[in-house]
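> Count along the sequence shown from 1, then add 78; that gives the number in the working numbering.
C-beta atoms are modelled at their ideal positions from N, C-alpha and C, and glycine is treated no differently.
Quick caveat: nothing in here was measured; it's all calculated off a predicted structure.
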Amino acid sequence: MTYPNPSTALASIVVDELVRAGVGLVVVSPGSRSTAVVLAVASRTDLGVVVVVDERSAGFHASGWANTTGQPAAVVTTSGTAVANLCPATVEADAAGTPLVLVTCDRPSELREAGANQTIRQSGMFGSLVRDSVDLGPAESHSDAPGWWRSRVSQAVAAAMGFGGRPGPVQLNLAFREPTVPVSDDGRTTAEPYPYEGPGRSDAKPWTDGLASEGVSHDGLRRIAATMEGARRGLIVAGGGCQGSEEVVELGRRLGWPVLATAESGLRPSRDVVAAGHHLLALEMARPDFVLRFGTPGPSRRVADLVSSPVRQVVVNPTWSDPGRMAHMVVSGAIGSTAAGLAETVESAPATDWTGWWKEADMAVRAALEGELAGAITEPAVAAALGSMGADRVAVASSMPIRDVEAFAFDCPVVIANRGASGIDGFVSTALGMASAGGAPLALTGDLSLLHDANGFLCDPRPECVFVVVDNRGGGIFSFLPQAEHAGAHFEHFFATPPGRDLARFADWHGLGFRRAGEVPALIEAVAEARREGGTSLVTVATDRVENVEEHRRLDAVARRAIADVPPP
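#1: Could you tell me the distance, in whole angstroms, from the CA atom of Asp210 to the CA atom of Val128?
#2: In the structure shown, what three-state DSSP assignment does Ile641 receive?
#3: Do Val115 and Ala89 have their beta-carbon atoms positioned less than 7 angstroms apart in this structure?
#4: Count the other CB atoms within 10 Å of the CB of Leu559; is the residue buried (16 or more) or exposed (fewer)?
#5: State the start and end residues of the unbroken beta strand (DSSP E) segment that holds Asn251.
#6: Here's a check: name, in chain order, each residue in its chain whose Cβ is nearer than 8 angstroms to the Cβ of Arg481, leaving out the five neighbours to either side.
#7: Near Val619, what residues of its chain come up, given a Cβ to Cβ distance below 8 angstroms and the 5 sequence neighbours on each side ignored?
#8: How many Å lie between Asn496 and Ala642 at the Cα?
#9: Let me confirm a value: His220 is counted as buried when at least 16 other C-beta atoms fall within 10 Å, else exposed. Which label applies?
#10: How many Å lie between Gly411 and Ala118 at the Cα?
#11: Comparing alpha-carbon positions, which option in Ala469, Ala87, Ala136 lies nearest Val104?
#12: Nearest CA to the CA of Asp213: which residue from Phe254, Gly243, Thr176?
#13: Less than 6 angstroms between C-beta atoms, sequence neighbours within five positions excluded: which residues of the same chain meet that for Val248?
#14: Can the beta-carbon of Ala418 be found less than 7 angstroms from the beta-carbon of Glu325?
#15: In or out: Pro388 buried (at least 16 other Cβ within 10 Å) or exposed?
#16: Quick one: Cα of Ser514 to Cα of Trp143, how far?
#17: Since Ala316 contacts Leu338 with CB under 8 angstroms, what's their CB separation in whole angstroms?
#18: Residue ranges of each beta strand (DSSP E) run of no fewer than 3 residues wholly in the region 259-311, ordered along the chain?
#19: Taking the alpha-carbon of Val493 as reference, which of Gln321, Ala309, Val130 has the nearest alpha-carbon?
#20: Under 7 angstroms between C-beta atoms, does Phe572 make it to chain B?
#21: Using the rule of at least 16 other Cβ atoms within 10 Å of the residue's Cβ for burial, across every protein chain shown, is Ala140 buried or exposed?
#22: Smallest Cα separation from Pro541: which of Ala509, Ser348, Leu528?
#23: Let's see if you can read the secondary structure: which residues bound the alpha helix (DSSP H) around Val506?
#24: Count the other C-beta atoms from every protein chain shown that fall within 10 angstroms of the C-beta of Arg349, then say buried if there are 16 or more, exposed otherwise.
#25: I need the straight-line Cα distance from Gly525 to Thr575, nearest angstrom please.
#26: Enumerated in chain order, which unbroken segments of the beta strand (DSSP E) with a length of 3 residues or greater are wholly contained in the region 116-203?
#27: Kindly indicate the opening and closing residues of the beta strand (DSSP E) around Val394.
#28: Does DSSP put Ser615 in a helix, in a strand, or in coil?
#29: Is Ser500 closer than 7 angstroms to Ser476 when the C-beta atoms are compared?
#30: Apart from the five residues on each side of it in sequence, which residues of its chain come closer than 7 angstroms, Cβ to Cβ, to Thr268?
#31: Is the Cβ-Cβ distance between Val393 and Ser399 less than 7 angstroms?
#32: Answer with buried or exposed for Val73, where buried requires no fewer than 16 other C-beta atoms within 10 angstroms of its C-beta.
#33: Going straight from the alpha carbon of Asn145 to that of Leu464, what length do you get?
#34: Can Pro366 and Leu313 be called in contact, C-beta distance under 7 angstroms?
#35: Between which two residues does the alpha helix (DSSP H) holding Phe584 run?
#36: Quick test of the definition: if touching needs 3 or more C-beta pairs under 8 angstroms, does the region 223-231 touch the region 270-286?
Structure, rendered in structure tokens:
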């Protein structure tokens, strides 16, 4: 086929190559300069498409889907400040290693630096945040251009998936001359038809198939094993990025070591891991003499203190992860294959009293806290109840929600969290992006994270998702920080920042279902009702920030008493 104008040719070929390279979802925000791309996307039946009004929310929606599926997602914007609104999601995708393709549509070169409307320097504006930055167009009529476009698109998507480095965002900046609609004469501008078809490879293959290497060499595995020699109290920490890698659990069995699974590891459903590690690490007797860490350490201060202490430590993670600057070795490799390779390299060893103590103490803490968290609504009780709500995965907001899930959600499903940069922005869109991937998702958030990304609900189609909202009238985490004690009269206004919004009216305005719950059984039933009803809903629980601090202290004491009853290793 040929095309009615060069802009339609460029957009159609770029979109086709994005699909061939594995992009499964495109999130579109409205605009004029992006018309050719939007129409090319709309014409595809093999591509998921979501419309989100706010570009900032659109970026997080795409990122949430990519983070859930492991496949690249694209977000399409018009020119100008629309592009700048992608920066927060790009920061998160960079830090988290999320394959996000930023398709930023631009004015042609003759309109740049001339005061033309809605024109800024958007090519390369994301700097070191992106793995690749491509400036294509405006389309010129020469026969080798389509092959060049396809090559650069496939190269950029491969970079987003980790080719040549680590996964993360890339930018495709596409310049379009009018007409941008699929005609040669749109009533105000004319253009010659584009004469070159530019077909892609056969069998729907990408122009260039770039594959990132995942394995660690045999020599590397032997070096890791040599570093582990002599460990008597070894501990495996399975953190964010493990994505349910059972190979890590199997390695623990092989070594006879306990596996401390953080909430973001996706491994807590396994009965062969320790889920209450946050509480166990409060005691000196839990200090290991060697730590083998897979992935990032997560939000627990105690886990962070452990991996920042002078203990022998090997870290396996696709990106450098040594915030305490104490690791003896950092291994860049895929977590699952590295753990599997290590299991074949090391000698099998029986579990020791050390491993038995971890598992017995873990069960003791779980049993002690279970009875404490089953009745009245508290923030820890809400987190603990996630495992009873029937979700296969849950998006968890930053600040207190993810910390409570880490400390109290022992049976939680797979957790999706914006822990790359740990910001609260874009949470609604991240959760809805996760929901766009299908399944039976759930979201846990505080009132501030919900309201911060209120525009995220302005998406079409809006996937089914139930948001459990902890309404503590502000930022609850600040009540645990020095500001609560030292900010005095300024604390409420400048740090807690109570929004003063009625969430029932908010839900009504956005066309969301709404329920309130006052006890844990009622919360579980309210979530079940909302899921049966379908659509997008809020289930709110009211808590008090001051009481929440005291509740955390009380539960911490309960856990310590339970551990004290377990004979030391």
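This is what the structure holds:
#1: Here residue 210 corresponds to residue number 132 of the sequence shown, with the count starting at 1. Here residue 128 corresponds to residue number 50 of the sequence shown, with the count starting at 1. So the alpha carbons of these two residues sit roughly 24 angstroms apart.
#2: Taking the first residue of the sequence shown as 1, we reach residue 641 at position 563. Correct three-state label for Ile641: helix.
#3: Position 11 of the sequence shown, counted from the first residue, corresponds to residue 89. Position 37 of the sequence shown, counted from the first residue, corresponds to residue 115. In this structure, Val115 lies closer than 7 angstroms to Ala89 by Cβ.
#4: Along the sequence shown, read from residue 1 onward, the residue named residue 559 stands at position 481. The residue in question, Leu559, is exposed, as its Cβ has fewer than 16 Cβ neighbours within 10 Å.
#5: Here residue 251 is taken as the residue at index 173 of the sequence shown, counted from 1. From DSSP, the beta strand (DSSP E) with Asn251 extends over 248-253.
#6: For the purposes of this step, residue 481 is taken as residue 403 along the sequence shown, with counting starting at 1. Within the same chain, Pro377, Ser378, Ile555 come within 8 angstroms of Arg481 by CB-CB distance, once the 5 residues on both sides are set aside.
#7: Within the sequence shown, residue 619 is the residue found at index 541, counting from 1. Closer than 8 angstroms at Cβ, skipping near neighbours: Ile455, Val460, Val546, Val547, Val548, Asp549, Arg594, Ala595, Gly596, Leu601.
#8: Working through the sequence shown from its first residue, we reach residue 496 at position 418. Working through the sequence shown from its first residue, we reach residue 642 at position 564. Approximately 35 angstroms between the Cα atoms of the pair.
#9: In the sequence shown, counting from the first residue as 1, residue 220 sits at position 142. Exposed is the call here.
#10: Here the question's residue 411 lines up with position 333 in the sequence shown. Here the question's residue 118 lines up with position 40 in the sequence shown. Cα to Cα, the separation comes out at about 37 angstroms.
#11: To locate residue 104, count along the sequence shown from 1; it is residue 26. Put simply, of Ala469, Ala87, Ala136 the residue whose alpha carbon is nearest the alpha carbon of Val104 is Ala136.
#12: Residue 213 sits at position 135 when you count from the first residue of the sequence shown. Measuring from the Cα of Asp213, the nearest candidate turns out to be Phe254.
#13: By 1-based counting over the sequence shown, the position of residue 248 is 170. Around Val248: Val179, Val208, Arg209, Asp210, Ala234, Ala237, Ala238.
#14: The sequence position of residue 418 within the sequence shown is 340, counting from 1. The sequence position of residue 325 within the sequence shown is 247, counting from 1. Note that the C-beta distance between Ala418 and Glu325 is below 7 angstroms.
#15: Locating residue 388 in the sequence shown gives position 310, counting from the first residue. Its Cβ having fewer than 16 others within 10 Å, Pro388 is exposed.
#16: Against the sequence shown, residue 514 aligns to sequence position 436. Against the sequence shown, residue 143 aligns to sequence position 65. In a straight line, the C-alpha of Ser514 is about 6 angstroms away from that of Trp143.
#17: The count along the sequence shown starts at 1 and reaches residue 316 at position 238. The count along the sequence shown starts at 1 and reaches residue 338 at position 260. Between the beta-carbon of Ala316 and that of Leu338 there is about 7 angstroms, and that keeps the pair under the 8 angstroms contact cut.
#18: none
#19: Residue 493 sits at position 415 when you count from the first residue of the sequence shown. Ranking Gln321, Ala309, Val130 by Cα distance to Val493 puts Gln321 first.
#20: The displayed structure is made up of one protein chain only, and chain B is not part of it.
#21: On the sequence shown, position 62 is the one that residue 140 refers to. Under the 10 Å beta carbon count, Ala140 is surrounded by 16 or more other beta carbons and is classified as buried.
#22: On the sequence shown, position 463 is the one that residue 541 refers to. The option with the nearest alpha carbon to Pro541 is Ala509.
#23: The count along the sequence shown starts at 1 and reaches residue 506 at position 428. Taken as a continuous stretch (DSSP letters only), the alpha helix (DSSP H) holding Val506 covers 505-514.
#24: Numbered from its first residue, the sequence shown carries residue 349 at position 271. Result: exposed.
#25: Along the sequence shown, one-based indexing puts residue 525 at 447. Along the sequence shown, one-based indexing puts residue 575 at 497. Reading off the sequence shown, one finds Asp at residue 525, where the question assumed Gly. The alpha-carbon atoms of Asp525 and Thr575 are separated by roughly 11 angstroms.
#26: 126-130, 151-155, 178-184
#27: The sequence position of residue 394 within the sequence shown is 316, counting from 1. Note, Val394: beta strand (DSSP E), 390-394.
#28: Position 537 of the sequence shown holds residue 615. Strand.
#29: Here residue 476 corresponds to residue number 398 of the sequence shown, with the count starting at 1. Here residue 500 corresponds to residue number 422 of the sequence shown, with the count starting at 1. Yes, the Cβ-Cβ distance between Ser476 and Ser500 is below 7 angstroms.
#30: The count along the sequence shown starts at 1 and reaches residue 268 at position 190. If we look at Thr268 and ignore the five residues flanking it on each side, its Cβ neighbours are Ser262.
#31: Within the sequence shown, numbered from 1, the residue matching residue 393 stands at position 315. Within the sequence shown, numbered from 1, the residue matching residue 399 stands at position 321. Cβ atoms of Val393 and Ser399: closer than 7 angstroms.
#32: Absent from the structure is residue 73, since the part of the chain shown begins at 79 and ends at 647.
#33: Translated into positions along the sequence shown, residue 145 becomes position 67. Translated into positions along the sequence shown, residue 464 becomes position 386. The alpha-carbon atoms of Asn145 and Leu464 are separated by roughly 20 angstroms.
#34: Numbered from 1 along the sequence shown, position 288 holds the residue referred to as residue 366. Numbered from 1 along the sequence shown, position 235 holds the residue referred to as residue 313. Contact flag set, yes.
#35: Counted from its first residue, the sequence shown places residue 584 at position 506. Segment 581-588, the alpha helix (DSSP H) holding Phe584.
#36: Short answer: they touch.
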